[in-house]
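Student:
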Amino acid sequence: MESTSPLLDRLYSALPLLLAFVWLSILYGWESWDHGTPWLFGDELQLAQLSRSIAETGSPALRGAPHGFQSLYAYILAPIWWIDDLHHAYATVKYVGVLVMTASIFPAYALARMLVGKPAALFAGAATASIPALVYSPMLIPEPLAYPYAVLCLWLIVKALVERSRGWIAGAVVASAVAPAVRGELALIPVIFGLAAFFLFWGSEPMRRWRAGWSRGDWVGLVVLGLGALVVFNTLIGHRSVSWDIATGHYKQRMFEYGLWAAGALTIGLGVLPVVAGLAALVRPPGERGSPALRAFVCVSAASILCFGLYTAVKASYISTVFSTRVVERNLIYVAPVLLIATALWLDRPRLRPGALLGAALFAYYVVVSTPYQLEFRFYSDAPGLAILQMANRNLAFTPETAKWALRGALLVSLVLIALGGAFARRRLGTPAVGGVAAGLVLAWLLAGQISASTASNVFSDQFLRGFPQQTDWVDRATKGAPALYLGQNLKDPNGLWSLEFWNRSIRYVWSLDGTAPGPGPTETPNVDRTDGHLQQQRGELEYVVAEPGIDVVGKEVATGAYLAAGNPTLWRLIKIDYPVRLRNAQAGIYSDGWMGEDASYTEYRSPGDGAGWISVSVSREAWGGTDVPGKVTIRVGKLDLGAKLEPRISQVTGVRRWTVHSHLSRQFVLRTPPPPFRVEINITPTFVPQELDPSLGDRRPLGAIVGFSFSRTRPAGAGTG
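All residue numbers for the sequence shown refer to our numbering, where the first residue is 799 and numbers rise by one.
1. Just mark Thr1425 as buried or exposed, buried being the case when its beta carbon has 16 or more other beta carbons within 10 Å.
2. Classify Leu1444 as buried or exposed, calling it buried when 16 or more other Cβ atoms lie within 10 Å of its own Cβ.
3. List, from N- to C-terminal side, the beta strand (DSSP E) runs of 3 residues or more that fit wholly inside the region 1226 to 1288.
4. Helix, strand or coil for Pro1488, going by three-state DSSP, please let me know.
5. For Trp1309 versus Pro1292, is the C-beta distance shorter than 8 Å?
6. Under the assumption that Pro1475 contacts Trp1412 (Cβ atoms under 8 Å), give the Cβ distance between them as a whole number of angstroms.
7. Going by DSSP, name the residue or residues bridged to Met1189.
8. Quick check: what's the CA-CA separation for Ala1111 versus Ala1185?
9. Quick one: Cα of Gly1220 to Cα of Val1074, how far?
10. Starting from the Cα of Glu1420, find the closest Cα among Thr1277, Thr1485, Ile1504, Val1454 and give me that residue.
11. Within 10 angstroms of its Cβ, does Thr1483 collect 16 or more other Cβ (buried), or is it exposed?
12. Assign Trp1422 to one of three DSSP states: helix, strand, or coil.
13. Determine the extent of the beta strand (DSSP E) in which Glu1396 is found, giving its start and end residues.
14. Can the beta-carbon of Gly1395 be found closer than 8 Å to that of Leu1501?
15. To which residues of the same chain is Gly1247 closer than 6 Å at the C-beta, ignoring the five residues directly before and after it?
16. So, helix, strand or coil for Asn1366, using DSSP?
17. Below 8 Å on the Cβ atoms is my contact criterion, and I expect Ile1433 with Arg1455 to pass it. Report the Cβ-Cβ distance as a whole number of Å.
18. Give a yes or no on whether 8 Å exceeds the smallest Cβ distance from Asp1376 to chain B.
19. Any idea what DSSP makes of Ala1195, helix, strand or coil?
20. So the candidates are Val1125, Ala1063, Lys1278, Gly923; which of them puts its Cα closest to the Cα of Leu1143?
21. Given this structure, state the Cα-to-Cα distance separating Phe1054 from Val1030, to the nearest angstrom.
22. Does Met799 pass the burial test, meaning 16 or more other C-beta atoms within 10 Å, or should it be called exposed?
23. Does the structure place the region 1101 to 1108 close enough to the region 988 to 1001 that three or more beta carbon pairs sit under 8 Å?
24. DSSP on Gly1453, reduced to helix/strand/coil?
25. Is His1460 helix, strand or coil when you go by DSSP?
26. So Val980 and Leu870 are supposed to be a Cβ contact under 8 Å. How far apart are they, rounded?
27. Counting only the same chain and skipping the five closest in sequence on each side, list residues whose C-beta sits under 6 Å from that of Gln1385.
28. Compare the Cα-Cα distances from Glu1199 to each of Val1214, Lys1050, Phe1175, Ser1168 and report the closest residue.
29. Helix, strand or coil: how does DSSP classify Ile1448 here?
30. Does DSSP put Trp1012 in a helix, a strand or coil?
31. For the beta strand (DSSP E) that Val1343 lies in, which residues bound it at each end?
32. If we ignore side chains and look at the alpha-carbon of each, how far apart do Ser823 and Ile903 end up?
33. Could you tell me whether the Cβ atoms of Leu1263 and Gly834 are closer together than 8 Å?
34. Shortest alpha-carbon distance to Pro1473 belongs to which of Thr1485, Val976, Phe1509, Ala1276?
35. Would you kindly work out how many angstroms separate the C-alpha atoms of Leu817 and Ala1254, rounded to a whole number?
36. Does Asp1523 pass the burial test, meaning 16 or more other C-beta atoms within 10 Å, or should it be called exposed?
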């Protein structure tokens, strides 16, 4: 009887792994299909712009301005943007991200096979490709490439430390050298390689024999030398890294606390058991002689946990000083594969050192009960491991206390399974059954968390689409790709702008009249340098301007796009300009939903005939039914003057109106104006903050009233003087 070919044997042997990859890819591909638009701004917009620029010019740029190298992922995605249809290009980007990130299953399996049998290795590979962070796979961020690449590097490093051949060492060195180009955080990979090699050397038999003859003075000298090395290291890194200097120099307590928060989110996302069993499995049980592969894996795991954990703690501490206090599990996901592979090690030989198990259990308990669960969010983008609790909050009414008890229960179940596995192993009874139950529960938890995260992420994406024009590329359709400028003001919530910029490649510049234009990329705050509305800053290639409500540009309106601003339908207007760019009129100090703060203004630069007319000013708090905070309203109208600093102001007041606005009230004022150019200014004091008056509201803006302006050459019919 003829034997099958070696190739067929290998394919048959790899079939379970390939099937796991295919089924996970199908699941994530289906999730990505429902992910209609980017929403994690400005990260996704930045990578998209860099990648498109590489596709068009060969060099990375943001809004036409050259930008430094960020990630190899931008180069990998660049050819996809050659697809003319942007929707098809975006879909392809998503599916490529899914396949790339899910491919983490292969290096994880390969690394696990160096330590355990095929069933346990298959668990490690499948679990690595099932963690909640796979929600990032369709997103335009570096993680879809960085995560599998980190696993690949760890496998190559372990292989190099075990084989010690030129080929494997060269592969590990090259992969480690390239790692920082994949994502900045992966600059830790070469450090992990060096630390792991040192740990392995330190624990080698020759080193143990040498240390056996050391005196007490030798050990004291080593400690002093180590402390000195730490001081030098801290000084050198502090000079090169602002975040390291601030975190380690001033906020060490935050490093400890916020770093453990990230560990807690990771522990929750992994289902608790992989952290308890995985950490304990890294400590060799009594009487067991570790293989070279196991010793190398333990050294690499220890170096990975140390480096990624320290990086996460520093970043969390630093971010709290410049942005906000965040749970940054996103930076710790690269530890998950080593914990899951270590869990596979426990599945393969369920014997753990009691002291190590106790320490791991206490650590897991502390981090899962002390981490903020962020249940007020549908999805917390920096900590996808919390998604399973957020889902339980929505569907099962979990409170933080309920979540704590559920996690305590998960820890108890984990300890029971670990105890049963150890007991059965000693009696050689039922070990596969216990391992199978444990592996099944972990995989179920992981996929539940990933699906919960993806569902919540897709809800965000759907909400973005519902508040956006039905034809997302409506600007490109109208301009046929001709250069366009976005001109806005008071851009407190730039998500609409970012979506518009992503879907319309013809938008080359983003400017604002009041300095609120957001990145990524350069922005401009143009000056009005003539009273006819001429902008001092110009771009000669411009043909179109996308104007926000409250800004009118000289030219012809060729298209409009409706979007939701704070739930209110609002229009963008696309203007075919008569170059140079000139304003016809412009409002300032008004949010996109119509509310103003303490001060707002309206400036009319030019109008047909340029004669005197009438300005209608509406002031309303009808939309506010909460606590009444009477606001004194002062409306002034007069001739426009730009002043020496090109700041619009009233040079001669021609009319004033005063009133006090209350909740539920509104009023319209009609004032005579001088011929353009003229200016109207409104002041309302005091303002009110909705969230301070009603904590259930999320609006923290200081609000005066909803205001509107309308200029006419003729007196409005039936209008009084206000």
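Using N, Cα and C, we set each Cβ at its ideal position, and we do this for glycine too.
Tutor: On the basis of the supplied data:
1. exposed
2. exposed
3. 1282 to 1286
4. helix
5. no
6. Actually they are not in contact, since the Cβ atoms of Pro1475 and Trp1412 sit about 16 Å apart, beyond 8 Å.
7. Note: Met1189 sits in no beta bridge, so no partner.
8. 21 Å
9. 14 Å
10. Ile1504
11. exposed
12. coil
13. 1394 to 1402
14. yes
15. Pro930, Gly1067, Ala1185, Ile1186
16. strand
17. 4 Å
18. Protein chains in the displayed structure number just one, and chain B is not present.
19. coil
20. Gly923
21. 22 Å
22. Low local confidence applies: a pLDDT of 43 at Met799 is under 50, so the model's placement there is unreliable, with the coordinate-based value given in what follows. Counting Cβ neighbours within 10 Å, Met799 comes out exposed, since fewer than 16 surround it.
23. yes
24. strand
25. coil
26. 5 Å
27. Gly1348, Tyr1400
28. Ser1168
29. strand
30. coil
31. 1342 to 1345
32. 11 Å
33. yes
34. Phe1509
35. 27 Å
36. The shown model of the chain, from 799 to 1520, leaves out residue 1523, and the question about it has no answer.
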